[in-house]
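Okay, structure first, notes after.
Protein chains: 2
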Amino acid sequence: MVSSKDVAKHAGVSQTTVSRVLNTPEFVKKPTLDKVMKAIDELNYIPNAHARSLVQNKTNTIALLSGPLHNPFFVDTTSAIINYANEMGYRVNVQYVNDHKLPEAYATAFENKVDGIILSCILIDDPIFEKLKQMDIPFITYNRKHKKNENFVEIDNVQAGYLSAKHMIELGHKTIAWVGGPLTVSTFNNRYSGFLQAIKDYNLPLSEQYIFNTDTSKQEISTAFHRLMKLEHRPTAICTGADSLALNLIDDAIREDFKVPDDLSIIGIDNVDISQHGLIQLTTVGSISQQNLGDLAISELIKMIENKKNDCIKITEPVKIFNRRTTRKIENEQ
Amino acid sequence: MVSSKDVAKHAGVSQTTVSRVLNTPEFVKKPTLDKVMKAIDELNYIPNAHARSLVQNKTNTIALLSGPLHNPFFVDTTSAIINYANEMGYRVNVQYVNDHKLPEAYATAFENKVDGIILSCILIDDPIFEKLKQMDIPFITYNRKHKKNENFVEIDNVQAGYLSAKHMIELGHKTIAWVGGPLTVSTFNNRYSGFLQAIKDYNLPLSEQYIFNTDTSKQEISTAFHRLMKLEHRPTAICTGADSLALNLIDDAIREDFKVPDDLSIIGIDNVDISQHGLIQLTTVGSISQQNLGDLAISELIKMIENKKNDCIKITEPVKIFNRRTTRKIENEQ
DNA sequence: CCTCAAAATGAATACGTAACCATTTTAAAT
DNA sequence: ATTTAAAATGGTTACGTATTCATTTTGAGG
Chain A
300 MVSSKDVAKH AGVSQTTVSR VLNTPEFVKK PTLDKVMKAI DELNYIPNAH ARSLVQNKTN
360 TIALLSGPLH NPFFVDTTSA IINYANEMGY RVNVQYVNDH KLPEAYATAF ENKVDGIILS
420 CILIDDPIFE KLKQMDIPFI TYNRKHKKNE NFVEIDNVQA GYLSAKHMIE LGHKTIAWVG
480 GPLTVSTFNN RYSGFLQAIK DYNLPLSEQY IFNTDTSKQE ISTAFHRLMK LEHRPTAICT
540 GADSLALNLI DDAIREDFKV PDDLSIIGID NVDISQHGLI QLTTVGSISQ QNLGDLAISE
600 LIKMIENKKN DCIKITEPVK IFNRRTTRKI ENEQ
Chain B
300 MVSSKDVAKH AGVSQTTVSR VLNTPEFVKK PTLDKVMKAI DELNYIPNAH ARSLVQNKTN
360 TIALLSGPLH NPFFVDTTSA IINYANEMGY RVNVQYVNDH KLPEAYATAF ENKVDGIILS
420 CILIDDPIFE KLKQMDIPFI TYNRKHKKNE NFVEIDNVQA GYLSAKHMIE LGHKTIAWVG
480 GPLTVSTFNN RYSGFLQAIK DYNLPLSEQY IFNTDTSKQE ISTAFHRLMK LEHRPTAICT
540 GADSLALNLI DDAIREDFKV PDDLSIIGID NVDISQHGLI QLTTVGSISQ QNLGDLAISE
600 LIKMIENKKN DCIKITEPVK IFNRRTTRKI ENEQ
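As structure tokens, then:
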């Protein structure tokens, strides 16, 4: 591998000068600069970022610990995060983590001495949080937050759950089911509690049979769907903890010959990009702002990295209903 | 930052021994091993991957230069690539490249001395190809290939285009349009030529008005759609260069109140995961194998990296029709 | 021609690790 | 006890860069 020393020798200057040519060319005379540039070109020299990191203690790399891409929410956010970070001169190490691989994912990030970590995969009660703080490395969670309520970017999940239930209630639905995710995750937890609050406020009855807090696997969602549809008194509406869940449920519904929204109204939360597609037109609750959570989080993270500003990021974006085609007024048929 | 030297001092051993504890613990006596482990734990020591890379000349990092995630093909492949690479102990630096940012993307990959590069963004006639070969760094292209016909993984694109047209023809369509991508890209080029071949083989007329090779932007696809729909003699079927194009066209169609497939049959190529969704059920052409191209490519790349096997990868996967719900028999109404 | 500050360059070092080679310790065989 | 090979450990160096400090060169002003 050709190094700056080789270039120096070839150009007849010191390695220091080569380094200067690359970093502070304004301090080197034109003729020597040209000499060095020529040598760089002739030898096909490419500086070694790792050696630089070592001496500068800065890697220009950010670790992204994301949820899986089969959840369209992470498609939107991953894309936004990587594009913004690249724009700002950072490389992004991406890992799609499932729970039993989390420790490895953190280890990888730490060993690479990344300048910052952006992650969605944190539990309300996650012990990693303290460790992250100890490490003294900038980090931010998006979509989820830790119970300590520090360094997060989220939407107003309680309100989202509330609006979603309210939407169904106002459409006349009386039997409304909930299919969400693990309550160890702030996002689902808050969305669920918002949902419950609305049910309570509007004095609707709610039996446990109608509640499924799944592990978000396709299989368990299908199971929930089948259980719901076998109930004596079937729900006419399902509120879900996320667009990805809603899309899975709709898929199940179609395969079982239920019509959405004619037989069953389904609403999501997140307003992922694809939910707008003409074939989908998912009714959902999402951020009022155009900017997605990934975008917001990465820009805050980079501010933290560069300004060293240590004040804690706590952003909760307001939400609204996006009324599309997967929910409808209930007919008074029963 | 706490280094292996600090650990050594704290444990009362040499730095070499600390290194050994981490890399070849079988060569160190139990008591010293315990001592060192204790010190590592107490000091919260985490090895520096960059320093290791420097001395080992191996980074365990792969650069992924992908197309944008709003194309679902890259959702599937990115996911597969990252997961497989992580499984095999490699980190992945992801970049979503648009054409004018390509040089930067390569520079980043080179400066980081990645162990390999996996890329989809190469043109038939791309000068970068020679440079990549010169660099003597393992690389593989997926989905697209260079005219040199080396180190690629693709589906049988000519056959895919052919089958797609044949499918429409056999359904009775006489006026079939083509909406594809830039012909500077092998994928679109070959798919288009397959399409043309079928049209020719079945003696269908084809006017230039029905051909659009777009830049794959949403806008230009919409333009193509509108032009087609304003034609005196409207096409009853559109063959497209990719599922992402098909999905965009269908979106346009729905917004203009055309019914797919009743008013218009549309077929894609790629068989992306989401095309199977109940709400979508896109008819398409895709690989017979379950394994997606990203998976295939990354496993081949890692073989190259680890076995140093220099024989050139040339994989073209056979394809078949996935007959779903966006195409139908034409009625003899005209 | 001399002085002297500014500009330009170079020498030496540190970053944190693994690898190589040398040395010490251990334990088995005599 | 002595020898000897194996096991265990340590000292030193290299990786490729940026930085710090020292040295040389330059050119303006007297």
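Chains as they are written, first to last, in our numbering: chain A, 300 to 633; chain B, 300 to 633.
All C-beta atoms, glycine included, are put in the ideal place defined by N, C-alpha and C.
From a predicted model like this one, the values you see are computed outputs, not experimental measurements.
Any Cβ of chain A closer than 8 Å to the Cβ of glutamine 314(B) would place that residue at the interface, and such an atom is absent. Tyrosine 441(B): member of the beta strand (DSSP E) spanning 438 to 441, first to last residue. When DSSP assignments are scanned along the region 539 to 602 of chain A, the uninterrupted stretches of alpha helix (DSSP H) that are 4 or more residues long and fall wholly within it turn out to be 542 to 554. One thing to note: leucine 581(A) has its Cβ within 8 Å of the Cβ of aspartate 542(A). Close to chain B, meaning a Cβ-Cβ distance shorter than 7 Å, are the following residues of the region 379 to 412 of chain A: Ile381, Asn382, Asn385, Arg390, Val391, Asn392, Val393, Gln394, Tyr395, Thr407, Phe409, Glu410, Asn411 and Lys412.
In the DSSP assignment, the residues bridged to glutamine 394(B) are Leu364(B). Taking each of Leu368(B), Leu321(B), Met387(B) and Val584(B) in turn and checking the Cα distance to arginine 623(B), the smallest one comes out for Val584(B). Judged by DSSP secondary structure, valine 452(B) falls within the beta strand (DSSP E) whose first and last residues are 451 to 454. DSSP places lysine 400(B) within a helical segment (H, G or I) once states are collapsed to three.
If you check the CB distance, phenylalanine 494(A) and glycine 471(A) do not come in under 8 Å. Taken in chain order, the whole alpha helix (DSSP H) runs of length 4 or more contained in the region 440 to 516 of chain B are 456 to 469 and 485 to 500. If you check the CB distance, aspartate 414(A) and threonine 358(A) come in under 8 Å. The beta carbon of serine 352(A) sits closer than 8 Å to some beta carbon of chain B. A direct Cα-Cα distance of roughly 20 Å separates valine 312(B) from arginine 351(B).
Taking a cut-off of 8 Å on C-beta distances, the region 389 to 401 of chain A touches the region 362 to 380 of chain A, as three or more cross pairs fall below it. Residue pairing for glycine 388(A): DSSP places it in no beta bridge. Counting C-beta atoms within 10 angstroms of its own C-beta, glutamate 386(A) has fewer than 16 neighbours from the protein chains shown and is therefore classed as exposed.
Only residues of its own chain outside the window of five on either side were considered, and among them Leu364, Gln394 and Val396 have a CB closer than 6 Å to the CB of alanine 404(A), listed in chain order.
By the C-beta criterion, the region 504 to 516 of chain A is judged not to be in contact with the region 322 to 334 of chain B, since fewer than 3 inter-stretch pairs fall below 8 Å. Contact annotation: leucine 578(B) and isoleucine 520(A) have beta-carbon atoms that are not nearer than 8 Å. Under the DSSP assignment, valine 618(B) falls outside any alpha helix (DSSP H), being part of the beta strand (DSSP E) whose first and last residues are 618 to 621. For the 8 Å CB-CB criterion, glutamate 449(A) and leucine 592(A) do not form a contact. By the neighbour-count criterion, in which 16 or more other beta carbons inside 10 Å mark a residue as buried, proline 617(A) falls on the exposed side. The region 485 to 492 of chain A makes no contact with the region 554 to 562 of chain A, as fewer than three CB pairs between them are under 8 Å. Setting aside the 5 residues that flank it on each side, alanine 408(A) is surrounded in the same chain by Ala362 and Ile416, each with a C-beta closer than 6 Å to its C-beta; the list follows chain order. From the beta-carbon of asparagine 347(B), the residues of chain A found nearer than 8 Å are Leu353, Glu410 and Lys412. Here the region 479 to 486 of chain A makes contact with the region 418 to 437 of chain A; the two share three or more CB pairs at distances below 8 Å. Separation of the CB atoms of serine 564(B) and threonine 522(B) is rounded to 21 Å, and the pair is thereby denied contact status at 8 Å.
Any Cβ of chain B closer than 8 Å to the Cβ of aspartate 569(A) would place that residue at the interface, and such an atom is absent. Take asparagine 343(A), set aside five residues on each side of it, and the residues of its chain with a beta-carbon closer than 8 Å to its own are Val301, in chain order.
About 7 Å separates the Cβ atoms of threonine 539(B) and isoleucine 568(B), confirming a contact at the 8 Å cut-off.
Against chain B, a Cβ distance below 7 Å from valine 374(A) picks out Leu368 and Val374. Counting every other CB atom within 10 Å of its CB across the protein chains shown gives leucine 530(B) a total below 16, marking it as exposed. Following the DSSP letters along the chain, one finds leucine 321(B) inside the alpha helix (DSSP H) bounded by residues 314 to 322. Ranked by Cα distance from leucine 544(B), the first of Glu555(B), Asn570(B), Thr515(B) and Lys613(B) is Thr515(B). Leaving aside the five residues that flank lysine 619(A) on each side, the residues in its chain whose CB is nearer than 6 Å to its CB run, in chain order, Ile587.
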